[in-house]
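All residue numbers in the sequence shown are consecutive under my numbering, ending with 361.
Where is the CB? At the ideal position from N, CA and C, for every residue including glycine.
Quick notes on the structure that follows.
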Amino acid sequence: MAIEAPDYFQPEGGLVLTHLLIVRDVDRSREFYRRVLGATVVRERQPAILRFHNSYLVINSEGGPTDDKPDVRAQAPPDSHTLSSAMNIRVTDVRAVYEQWRSRGGEFLTEPKDHGVEIRCYLRDPDGYLIELGQATGILAEMGRGAAA
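Pasting the structure below:
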């Protein structure tokens, strides 16, 4: 059963958790998440908001301090080899999603690798943010939630 995201602007229960990405080019990033990952655009820009299954991505451009964060500068990652934040997306069939996203232009670091407790692989978005795509396997047995796949 697919779980839909709550309404971003008026969430039931008064709260919705999103992931903010600071990017160099909002249009380029918005189109990557729409085209490759299949996210639905809710708002085009300033900031761009995309619904991604049961959650949201907020995509905004780099910039200087604002009145509510007077000593904070918003910047995309300095390079694609430094990890400070990553999205972690769990699916039931990592190989199928890997093939789908690859066919849409997603460039993965490797094919899915089996690590015993999970099968995972990674791709980068246009600004170098790392996206982990994974499928739980042995960890489910560890947690008493079924046999390893």
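- Going by DSSP, Y268 is part of the beta strand (DSSP E) stretching over 267-273.
- Within the same chain, Cβ atoms closer than 6 Å to the Cβ of V329 are found at G350, I351, the five residues on either side in sequence being excluded.
- Take P338, set aside five residues on each side of it, and the residues of its chain with a beta-carbon closer than 6 Å to its own are R240, S241, F244, in chain order.
- Spanning the alpha carbons of S296 and P290 requires a straight line of approximately 10 Å.
- If the five residues before and after E274 are omitted, its C-beta is found closer than 7 Å to the C-beta atoms of I234, R236, A286, Q287, A288, all from its own chain and listed in chain order.
- For Y310, the three-state secondary structure derived from DSSP is helix.
- Between G340 and V254, the alpha-carbon positions lie close to 23 Å from each other.
- Taking every protein chain shown into account, the CB of G225 has fewer than 16 other CB atoms within 10 angstroms, so this residue is exposed.
- Straight-line measurement puts the Cα of A348 at about 11 Å from the Cα of E354.
- In this chain, the alpha helix (DSSP H) harbouring Y245 covers 238-247.
- Going by C-alpha positions, P282 is about 39 Å away from W313.
- Counted as a single uninterrupted DSSP element, the stretch harbouring V284 is not any beta strand (DSSP E), since DSSP gives it neither H nor E.
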